[in-house]
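Report on the structure given below.
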Amino acid sequence: MDAYLNAIREAADYIRARISDLPEIGLVLGSGWGDFAEHVEDAVHIPYTEVPGFPKTGVAGHAGEWVIGRIAGKTVAVMSGRFHYYEGHDMKTVTLPVRVMQLLGVKTLILTNAAGGVNGEYEVGDLMLISDHISMTGASPLFGPNIDELGPRFPDMTHVYDRDLRFLAHLVANGQHFRLREGVYAQMPGPCYETPAEIRMLRVLGADAVGMSTVPEAVAARHGGIKVMGISCITNMAAGVLDAPLSHGEVMEASRKAAGRVKAFLEEMIRRI
Ligand code: HPA
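Following the working numbering, the numbering of the sequence shown begins with 1 at its first residue and continues without gaps.
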């Protein structure tokens, strides 16, 4: 059997043995979104380092654990922290948790991240629903022999970000009286922030926000038949939009400020999915 498929199965078996109800919704918490994991009820915490086949390194700036339990009456598998390509993980490792969710039976995946605003109309603190993405890493989690048990060789990517979930997201945002942006997310490899010239390039290409994650997870999930919603917190304006240097501290601070709105939004989304 394929070694990767074997690793996914082993990890899924390990997690399955630790929980009482299987999750129907998966949630990946990006930089600054991590506090949301505190709202999981009857939570089982499983550090990534305990899961067979998972990297033994921690996740910088994140708890690096599964938090599995209930939110708004639904069983959710929350990933507090993710594996990034810029940390040196290959794309198969970056998407290993998504594959584990697939085997656990997750039907809907909510991907969150911190992102720089490329669209000049955006403001720091905005939430942006991802309508589509542009991959600038040149790498894919689907490279190599296809694992037919997980999905097809040439998956369609016309609607990566589910239209019904996007519609629902706007309903929820309207109900909560905040402006939800919607736009195209470009993934750069990182870990350096972009240059102003790169940001001008991304704008020409049609990007509204830029970050260093999410795309491989969305691709793996769609390959596996999981519905995807993506949402970015605009934590800073991208390089060169304002005449100010970017810092990770600024990114974390801006997402902390958005935490209250994020909690209400995610909770209501989960309730209504
Ligand atoms: N660029 C890339 N990734 C990011 C940014 C950015 O400006 N802000 C938060 N994550």
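Idealized CB from N, CA, C, for every residue including glycine.
What whole-angstrom Cβ distance do residue i and residue j have, given they're in contact under 8 Å?
{"i": "residue 240", "j": "residue 199", "result": "5 Å"}
{"i": "residue 25", "j": "residue 110", "result": "7 Å"}
{"i": "residue 14", "j": "residue 52", "result": "5 Å"}
{"i": "residue 71", "j": "residue 268", "result": "10 Å between Cβ atoms; not a contact."}
{"i": "residue 22", "j": "residue 104", "result": "6 Å"}
{"i": "residue 251", "j": "residue 236", "result": "6 Å"}
{"i": "residue 5", "j": "residue 121", "result": "Actually they are not in contact, since the Cβ atoms of residue 5 and residue 121 sit about 44 Å apart, beyond 8 Å."}
{"i": "residue 191", "j": "residue 212", "result": "7 Å"}
{"i": "residue 33", "j": "residue 255", "result": "6 Å"}
{"i": "residue 79", "j": "residue 97", "result": "6 Å"}
Distance check for residue j and residue i, CA to CA, integer angstroms please.
{"i": "residue 114", "j": "residue 89", "result": "19 Å"}
{"i": "residue 75", "j": "residue 197", "result": "44 Å"}
{"i": "residue 177", "j": "residue 168", "result": "14 Å"}
{"i": "residue 31", "j": "residue 140", "result": "22 Å"}
{"i": "residue 86", "j": "residue 172", "result": "33 Å"}
{"i": "residue 16", "j": "residue 77", "result": "11 Å"}
{"i": "residue 272", "j": "residue 102", "result": "21 Å"}
{"i": "residue 27", "j": "residue 242", "result": "32 Å"}
{"i": "residue 38", "j": "residue 29", "result": "12 Å"}
{"i": "residue 219", "j": "residue 188", "result": "15 Å"}
{"i": "residue 232", "j": "residue 92", "result": "23 Å"}
{"i": "residue 116", "j": "residue 142", "result": "27 Å"}
{"i": "residue 270", "j": "residue 249", "result": "29 Å"}
{"i": "residue 253", "j": "residue 234", "result": "11 Å"}
{"i": "residue 138", "j": "residue 123", "result": "29 Å"}
{"i": "residue 180", "j": "residue 156", "result": "27 Å"}
{"i": "residue 164", "j": "residue 135", "result": "23 Å"}
{"i": "residue 193", "j": "residue 208", "result": "16 Å"}
{"i": "residue 73", "j": "residue 45", "result": "18 Å"}
{"i": "residue 41", "j": "residue 133", "result": "33 Å"}
{"i": "residue 170", "j": "residue 204", "result": "26 Å"}
Among residues of its own chain, excluding the 5 on either side of residue i, which ones have a beta-carbon nearer than 8 Å to its beta-carbon?
{"i": "residue 131", "result": "161, 166, 182, 183 and 184"}
{"i": "residue 257", "result": "125"}
{"i": "residue 261", "result": "127, 176 and 178"}
{"i": "residue 158", "result": "none"}
{"i": "residue 264", "result": "176"}
{"i": "residue 275", "result": "Because residue 275 is not part of the residues shown, which for the chain are 1 to 273, the question remains open."}
Sorted by chain position, which residues of the same chain lie with C-beta nearer than 6 Å to residue i's C-beta, five sequence neighbours on each side aside?
{"i": "residue 151", "result": "223 and 224"}
{"i": "residue 99", "result": "8"}
{"i": "residue 11", "result": "51, 52, 53 and 100"}
{"i": "residue 43", "result": "67 and 69"}
{"i": "residue 153", "result": "146"}
{"i": "residue 206", "result": "184"}
{"i": "residue 94", "result": "83, 85 and 216"}
{"i": "residue 174", "result": "none"}
Which same chain residues, not among the five before or five after residue i, have their C-beta less than 7 Å away from its C-beta?
{"i": "residue 259", "result": "35"}
{"i": "residue 195", "result": "239"}
{"i": "residue 202", "result": "118, 186 and 210"}
{"i": "residue 106", "result": "23, 24, 25, 26, 77 and 226"}
{"i": "residue 228", "result": "109, 111, 160, 161, 162, 218, 221 and 222"}
To test your reading of the DSSP string, which unbroken alpha helix (DSSP H) runs of 4 or more residues are found completely within the region 28-57? Counting whole runs of 4 or more residues, the region 28-57 contains no alpha helix (DSSP H) stretch at all.
Entirely within the region 180-238 and at least 3 residues each: give me those beta strand (DSSP E) ranges in chain order. If we require 3 residues or more, the beta strand (DSSP E) runs fully inside the region 180-238 come out as 180-187, 209-211 and 227-237.
Taking only runs of the alpha helix (DSSP H) that begin and end inside the region 150-178, which ones reach a length of at least 4 residues, in chain order? Counting only runs of 4 or more, we get 163-175.
Report the residue ranges of all beta strand (DSSP E) runs contained in full by the region 83-146; include only those spanning at least 3 residues, in chain order. Uninterrupted beta strand (DSSP E) stretches at least 3 residues long and entirely within the region 83-146 occur at 108-117 and 127-135, given in chain order.
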